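These notes concern the structure reproduced below.
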Amino acid sequence: MPPSELSAKDPLPAPAATGTPASIAALADLLARQAASGQPIPWSPALSVGIASIDAQHRVLLAYVNQLSGALARGQSAEVLGDVLHGLEAYTRLHFRHEERLFALHGWQESDDHAHGHRAFEAQLAGFGQRLAAGDATLAAEVLAFMIRWLADHILVDDIAYSGFLQERGVR
Numbered sequence: 484m485p486p487s488e489l490s491a492k493d494p495l496p497a498p499a500a501t502g503t504p505a506s507i508a509a510l511a512d513l514l515a516r517q518a519a520s521g522q523p524i525p526w527s528p529a530l531s532v533g534i535a536s537i538d539a540q541h542r543v544l545l546a547y548v549n550q551l552s553g554a555l556a557r558g559q560s561a562e563v564l565g566d567v568l569h570g571l572e573a574y575t576r577l578h579f580r581h582e583e584r585l586f587a588l589h590g591w592q593e594s595d596d597h598a599h600g601h602r603a604f605e606a607q608l609a610g611f612g613q614r615l616a617a618g619d620a621t622l623a624a625e626v627l628a629f630m631i632r633w634l635a636d637h638i639l640v641d642d643i644a645y646s647g648f649l650q651e652r653g654v655r
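First residue of the sequence shown? That's 484 in our numbering, and the numbers climb one at a time after it.
Set out below in structure tokens:
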């Protein structure tokens, strides 16, 4: 399926349905099928949390997923995986700190739990980096699957949880 077209039989979950297990599974499945096709995963309004800075950062994270997906499709994952992991480590650190600054600035009560999820993700990326350094040849597909599932969970559950709170305080 071309990246600019989403099949009517496989629509992204509507933003109103976000956070439900079915919507997360549907989005993760659609993203995985798109990645497996070798085509870039397109940005969609279903991925938006309604905060421009966060959406822009999510687009960059999606670009890393697309970079790895494309490399896998071309049989070049070994050449690209290290750069993707390093880029993800640096960029997610920036993204997470941005979110956490917004939480602190606006007094979001659930910020500690959210930040704990950030640290768990960073630890997972570090583990992938260690496995790459040890020569794990099967890692690229696992990283891609992890990133796709994580993006769906992160956006539809974790980030949707704070988006309304921040929007009510004027964060756009």
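Backbone N, C-alpha and C define an ideal beta-carbon position, used for all residues, glycine too.
All values derive from a computational prediction rather than experimental measurement.
Annotated three-state conformation of Trp633 is helix, per DSSP.
When secondary structure is reduced to three states using DSSP, Thr575 falls in the helix class.
Taking a contact to require three or more Cβ pairs closer than 8 Å, the segment 621 to 637 and the segment 560 to 568 qualify as touching.
Linking Arg652 to Leu615 through their CA atoms gives a straight-line distance of about 42 Å.
Between Leu649 and Leu544, the C-beta spacing is not below 7 Å. Across the structure, Asp642 and Ala603 are spaced so that their CA atoms are roughly 15 Å apart.
Spatial neighbours of Gly600 in its own chain (CB-CB distance under 7 Å, excluding positions within 5 residues in sequence) are listed in chain order as Asp641. In terms of Cβ geometry, Asp636 and Ile507 form a close pair [threshold 7 Å]. Nearest to Arg580 by alpha-carbon distance, out of Glu605, Glu562 and Gln592, is Glu605.
Here DSSP, grouped into helix, strand and coil, assigns Ser594 to helix.
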